[in-house]
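Worksheet: one structure, shown below.
There are 2 protein chains.
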Amino acid sequence: MTEIDRRTEKLTAALRRAGVRITRQRAALLSVLAEADDHPDAVDLQRRAEEKVPGISLSTVYRTLTELENQGVILRHQFEGASARYEHSETQHHDHMIDVETNEVIEFSNEPIERLQAEIAEAMGYEIVHHRLELYVRKKKPLA
Amino acid sequence: MTEIDRRTEKLTAALRRAGVRITRQRAALLSVLAEADDHPDAVDLQRRAEEKVPGISLSTVYRTLTELENQGVILRHQFEGASARYEHSETQHHDHMIDVETNEVIEFSNEPIERLQAEIAEAMGYEIVHHRLELYVRKKKPLA
DNA sequence: AAGCGACATGCGAATGACTTGCAACTGACT
DNA sequence: AGTCAGTTGCAAGTCATTCGCATGTCGCTT
Numbered sequence: 567m568t569e570i571d572r573r574t575e576k577l578t579a580a581l582r583r584a585g586v587r588i589t590r591q592r593a594a595l596l597s598v599l600a601e602a603d604d605h606p607d608a609v610d611l612q613r614r615a616e617e618k619v620p621g622i623s624l625s626t627v628y629r630t631l632t633e634l635e636n637q638g639v640i641l642r643h644q645f646e647g648a649s650a651r652y653e654h655s656e657t658q659h660h661d662h663m664i665d666v667e668t669n670e671v672i673e674f675s676n677e678p679i680e681r682l683q684a685e686i687a688e689a690m691g692y693e694i695v696h697h698r699l700e701l702y703v704r705k706k707k708p709l710a
Numbered sequence: 567m568t569e570i571d572r573r574t575e576k577l578t579a580a581l582r583r584a585g586v587r588i589t590r591q592r593a594a595l596l597s598v599l600a601e602a603d604d605h606p607d608a609v610d611l612q613r614r615a616e617e618k619v620p621g622i623s624l625s626t627v628y629r630t631l632t633e634l635e636n637q638g639v640i641l642r643h644q645f646e647g648a649s650a651r652y653e654h655s656e657t658q659h660h661d662h663m664i665d666v667e668t669n670e671v672i673e674f675s676n677e678p679i680e681r682l683q684a685e686i687a688e689a690m691g692y693e694i695v696h697h698r699l700e701l702y703v704r705k706k707k708p709l710a
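Each protein sequence line maps, in turn, to chains A and B. The opening residue of the first sequence carries number 567 in this note's numbering; numbering runs sequentially from there. The opening residue of the second sequence carries number 567 in this note's numbering; numbering runs sequentially from there.
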């Protein structure tokens, strides 16, 4: 509970920093984002926000998400063949595994891979701005 | 030259295998794909194909690309904030670095990373269907 | 507490990248 | 050469997301 409040605070602060007003609809969206521990898309977020406060348009959801992303407090992921999904950036950096059968998103992180990526870029005279590593997977059938 | 012809053959064979006809427009598109050593998008491909044979619609380009992708002879990449780009799958498996300033695509491959990915999936009870690793990079400024 | 100006909202229209319906063609097998 | 299912181009349709604009409202001022 208090953890979620803290996240909501952080998101709110980010919007204030961006110099925008905290309206009824934005407040609702922020708390929805703070509570989410999955990877909802814009429509999911709208639906959840409307449960708190009726009347939030998709336009507003998108506009606010864009602002939050610019402020770096949420992350937007564009997985294959699906609309963008969002998550607050409170978590540590991680990559994603997507179960191609259920669409479930599983997070993971691996330090050696991160290091190798940096080395590869470095060796070619580049620095990484950001990267994207997605494993599209399927649950292994248990051996009969 | 002969290398490109061989690739064209392979693409043509894939279409035949799919049970479709090799029309004038498809033949043009196939040779364009075989020649390309970059990562053109659908519009680039249409433009290049029209230089060989006038009159190829974008619909046909898309339809044929879809078929080729289904047959596994070309790869489709959806990089951030851009339309899909294609390449023939004659090359060895590789991942991509995208220069965020020039949009240039640089290929690379790294065996240790591949191995680590497989291990991660394995450890969580999954098998990888396919994966995507993209490094969005910027050229390092030479030290003054 | 009413006034105000700037920023926000919601709606519908616009966008961009594809995809699809359909009537007019055309490969390729007979 | 004949046939006809597979193709093509064009226009219209999708889908996710963005934008224009008239109306609404936040939050500071008097």
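All C-beta atoms, glycine included, are put in the ideal place defined by N, C-alpha and C.
In DSSP terms, what residue i is bridged to
i: M663/B; result: I672/B, L701/B
i: I694/B; result: V703/A
Chain B within 8 Å of residue i, Cβ atoms only
i: V598/A; result: no
i: E700/A; result: yes
i: H696/A; result: yes
i: E693/A; result: yes
i: D620/A; result: Before going further, note that residue 620/A is Pro rather than Asp in the sequence given. For P620/A, the answer is no, since every Cβ of chain B falls outside 8 Å of its Cβ.
i: V671/A; result: no
i: Q644/A; result: yes
i: Q658/A; result: no
i: I588/A; result: no
i: A687/A; result: yes
Chain A contact for residue i (CB, 8 Å cutoff)
i: A579/B; result: no
i: E616/B; result: no
i: K705/B; result: yes
i: A608/B; result: no
i: L682/B; result: yes
i: N676/B; result: yes
i: I640/B; result: no
i: V627/B; result: no
Run of the alpha helix (DSSP H) containing residue i, from where it starts to where it stops
i: E653/B; result: Premise fails: E653/B lies in the beta strand (DSSP E), 651-654, not in any alpha helix (DSSP H).
i: V658/A; result: At residue 658/A the sequence reads Gln, which differs from the Val that was named. Note, Q658/A: premise wrong, no alpha helix (DSSP H); not H, not E.
i: P678/A; result: 677-689
i: A580/B; result: 568-583
Beta-carbon separation (whole angstroms), residue i vs residue j, contact threshold 8 Å
i: L634/B; j: L577/B; result: 7 Å
i: E693/A; j: K706/B; result: 5 Å
i: A584/A; j: A615/A; result: With a Cβ gap of about 19 Å, A584/A and A615/A do not count as contacting.
i: I686/B; j: F674/A; result: 6 Å
In chain order, each alpha helix (DSSP H) run of at least 4 residues that lies wholly inside the segment 586-648 of chain B: Listed in chain order, the complete alpha helix (DSSP H) runs (minimum 4 residues) inside the segment 586-648 of chain B are 590-601, 608-618, 624-636.
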